[in-house]
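Just below is one structure, and these are the notes that go with it.
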Amino acid sequence: MTDIADRKERPQHRARQAPPEPAITGPIEATAQVCEAAGCLSLGSEQVLDAVRAQAVARGLTNVAIKRVGCLSLCAAGPLVEVPERGQIFESIDPSSPASIDRVVDALAGGGGGRPTAGDPFFARQVRVVLVRSGRIDPEEIDDYTAHDGYEALSRAVTTRTPGEVLEEVVRSGLRGRGGAGYPTGLKWKTVAKADGAAGKYVICNADEGDPGAFMDRSILESVPQQVLEGMAIAGYAVGANHGYIYVRAEYPLAVKRLRLAIRQAEHQGLLGSSIAETSFEFHIEIRIGAGAFVCGEETALIASVEGRRGTPRPRPPFPAQSGLWGRPTLINNVETLASIPAIVGRGGDWYRSIGTEKSAGTKVFALAGRVVNTGLIEVPMGLPLRDIVFDIGGGIVGGAKFKAVQTGGPSGGCIPAADLDMPVDYESLAQAGSIMGSGGMIVMDETSCMVDVAKYFMDFCREESCGKCAPCRVGTVQLHLLLDKMTRGEGTLQDLDTLERLADMVKSTSLCGLGQGAPNPVFSTLRYFRDEYLAHIEDRVCPAGVCPMTPAATS
Amino acid sequence: MTTAVTDAPPTDDKKWKMIDARIRRRGRTPDALIEVLHSVQEAFGFLETDVLQYVSEALGVPPSRVYGVATFYSLFTLKPQGEHTVVVCTGTACYINQSSALLSRIHDRLGISPGDTSEDGSVSLLSARCLGACSMAPAVVVDGSVQGRVTPQGIDLLLEGLRP
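Protein chains in written order, with our numbering: chain A, 1 to 556; chain B, 557 to 720.
This is the structure we're talking about:
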């Protein structure tokens, strides 16, 4: 796939009236890459792009480019512009300030005054597989994706390799599901590949990123939508499916828009749809939009929602791999899992396996947020110590405050205390510490967070998002929340603490799906590491962090 | 699956033309339900009972199921919304960065909690389960535009700007 011609019919350019581009008379000498992922966009990065372009033209610069790119990952400092030829990134560019715009244009002209990227631990400590093109390519131009080897893995797979060979590559890579549970991806693919597909099979991309504090999948979809489509098509080829669905949250309108555009462009270039890369393989992708139900991230609930029903889970088995969408064998993978596939199939499973740890191969994308300096989207090799993520990449705690804990895995996860900061971040270590990898939300907390209140916060979330189908989750989360609320009001007793633990255990072991089974985890994990805070609330009627209302007890 | 739909739309609003076109394009199948409800809500702002009835007939889905779906998903609303919509994100990063203080400030000023509309019908307040704007926590969305690092004082200014 070298030359993709037919530029005449290239669909949809930016709708807004962009100023003229600087004249090009030779090779491009410098490029201003303006982040237009949702975070920077909402801070005015479209206006930044226009202003930089207008100023570059006004100053008569030639052979420089100003282009839209996806996430530049240092989200805390948006709007961001990177000039890679000068090794500089510019933070918090103000589109209405000529001086701010001039700093970027100076870099294009050969000067510089931005933050150097080389040697900066935020950038240097990352290893990029999924995000390798994020912030490099224009997410709305398929040509930019193909110019960066996009669709090569798919084209090579369908023209030169059997589905079985592709599948073997994924098995060999050791890739595990990035949605949270960490099930071996190759094994899942094998089950679907073996299932009887006479009536058709489906591939579903789970883009219902519901964990609060997680924005990995959103950024991937906004920055490299074609990579997800390519991963889906490769999956379809390997397991014998010709249809795919992307189930994406309605809360992510930009991701939906870019996916729609990406599907249209890929179909137009014969990379999706019928006869892909001029072979007999066909793969069609449709988008389904959610309507705000966290439980739809659970695979059987998601399938119900794609079918237009209430998103309630059902008991497994049968697993979707045997009986999924409309009763047919269905492969469900998360966005990041599918976005890892083109690199694995293109560069080989052994290459992927060489990154990370033995049991947790490859890289993981995290959304680093909370009380950390460098809030943003990061990709690191599995097994990197948590301390390196928080203090080297994350730049430490805001205002130099004291680190208290990191929360991973969202409402089904747990907290890692300061004592465990040196632990490697992989599936096994996180589970051992009483948390889970989860989808990749990583919330850093300092001493201003009360851990009883944190547990209450997540229980409130689960209580509201419980679909109501099974009693342990529907009733249990409400009761657990009441107990926690009682403690934060300073009315809890030691007996309540005992009830809390027993009830949490019951909800965990008897709920129907992952939502209920995981809901008690924040309680368990905060009890494990911060039991003294619970006791302070109960015995001393004090909230050490000063967060809880602690209204005086009614009697006694 | 029902036979051809003969019932006319509940109102003669031109927006129904667009919705009918979408139903036709998508095929009159039950799995189009969520998508069609999105279209209807986009056009009319909320889902009225006679609207649900019409969708039920158009797609051949029992009214109980349409109502079930409309009430299951939190983005669908069966109540009319205010002139402006303010969404306060209560995702983890926003929670850690004191989004609850923003909600109580709005409650102090307008007397409304998430899900309510102010008495004069000018502002509807909603809370969101993470908008993915965690780097700008706490985030508030006012009529579709995201504002980051909002303070309680910022809320005052913001509400000032929404006055009729």
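Just so you know, even glycine gets a beta-carbon here, dropped at the ideal spot from N, CA and C.
- At a beta-carbon threshold of 7 Å, the residues of chain B lying near A/Pro212 are Gly647, Thr648, Arg685, Cys686, ordered along the chain.
- A/Ala304 has its alpha-carbon roughly 26 Å from the corresponding atom of B/Phe600.
- For A/Asn521, the enclosing alpha helix (DSSP H) has its first and last residue at 521 to 539.
- In the pairwise beta carbon analysis, the segment 383 to 391 of chain A is classified as not touching the segment 486 to 503 of chain A: fewer than three pairs are separated by under 8 Å.
- For A/Cys205, there is no enclosing alpha helix (DSSP H); the enclosing beta strand (DSSP E) has its first and last residue at 202 to 207.
- For A/Met445, the neighbours in chain B by C-beta distance under 8 Å run, in chain order, Ile652.
- In this structure, B/Val607 is the residue among B/Gly616, B/Val697, B/Val607, B/Ser656 with its C-alpha nearest to the C-alpha of B/Lys635.
- A residue is called buried once 16 or more other Cβ atoms fall within 10 Å of its Cβ, and A/Lys194, having fewer, is exposed.
- Listed by position along chain B, the residues whose Cβ is nearer than 7 Å to that of A/Gly39 are Ala689, Ser691, Met692.
- A contact between stretches requires three or more CB pairs, one per stretch, nearer than 8 Å, and the segment 680 to 688 of chain B meets this requirement with the segment 211 to 219 of chain A.
- For B/Leu631, the secondary structure class from DSSP, reduced to helix, strand or coil, is coil.
- Within 10 angstroms of the beta-carbon of A/Gly60 lie fewer than 16 other beta-carbons, which makes it exposed.
- For B/Arg580, the enclosing alpha helix (DSSP H) stretches over residues 571 to 582.
- Taking a Cβ-Cβ threshold of 7 Å, none of the residues of chain B is close to A/Ile204; the smallest such distance is about 13 Å.
- Straight-line spacing of the CA atoms in A/Lys359 and A/Asp532 works out to 34 Å.
- Minimum Cα-Cα distance from A/Gly518 among the listed residues A/Tyr145, A/Thr488, A/Arg463 corresponds to A/Arg463.
- Listed along chain B, the residues sitting closer than 9 Å to A/Glu251 by beta-carbon distance are Leu631, Ala684, Arg685, Cys686, Leu687, Gly688.
- Residue-level contact check: A/Gly308 touches chain B, since one or more beta carbons of chain B fall below 8 Å from its beta carbon.
- The alpha-carbon of A/Val166 is positioned some 38 Å away from that of B/Arg584.
- Within the segment 439 to 498 of chain A, the alpha helix (DSSP H) runs of at least 4 residues that lie entirely inside it are, in chain order, 451 to 465, 471 to 488.
- The alpha helix (DSSP H) runs lying completely inside the segment 217 to 292 of chain A and spanning 4 residues or more are 225 to 239, 253 to 268, given in chain order.
- With a 10 Å radius around the Cβ and a threshold of 16 neighbouring Cβ atoms, A/Trp189 comes out buried.
- A/Tyr237 counts as buried, since at least 16 other C-beta atoms from the protein chains shown sit within 10 angstroms of its C-beta.
- Taking 4 residues as the shortest admissible run, the segment 144 to 189 of chain A contains the following complete alpha helix (DSSP H) segments, listed from N- to C-terminal end: 152 to 160, 163 to 173.
- Boundaries of the alpha helix (DSSP H) around A/Thr300: 299 to 306.
- Excluding five sequence positions before and after A/Phe122, the CB atoms of its chain that fall closer than 6 Å to its own CB belong to Asn374, Ile393, given in chain order.
- Judged by pairs of C-beta atoms under 8 Å, the segment 275 to 294 of chain A does not touch the segment 424 to 443 of chain A, as fewer than three such pairs exist.
- If the five residues before and after A/Gly240 are omitted, its C-beta is found closer than 7 Å to the C-beta atoms of Pro163, Ala193, Gly197, Lys201, all from its own chain and listed in chain order.
- Within chain B, Arg685 have C-beta atoms less than 8 Å from the C-beta of A/Phe461, given in sequence order.
- Setting aside the 5 residues that flank it on each side, A/His481 is surrounded in the same chain by Met459, Asp460, Arg463, each with a C-beta closer than 6 Å to its C-beta; the list follows chain order.
- Collapsing the DSSP output to three states places A/Lys508 in a helix.
- Exclusion of the five residues before and after A/Arg310 leaves Ala304, Cys467 as the residues of its chain whose Cβ lies within less than 8 Å of its Cβ.
- Residue state for A/Leu108 is assigned as helix, using DSSP reduced to three classes.
- Taking the Cα positions, B/Leu615 is about 19 Å away from A/Ile287.
- Here A/Pro20 carries a coil assignment [DSSP, helix/strand/coil].
- For B/Leu589, the residues of chain A that pass the 7 Å Cβ criterion are Gly308, in the order they occur in the chain.
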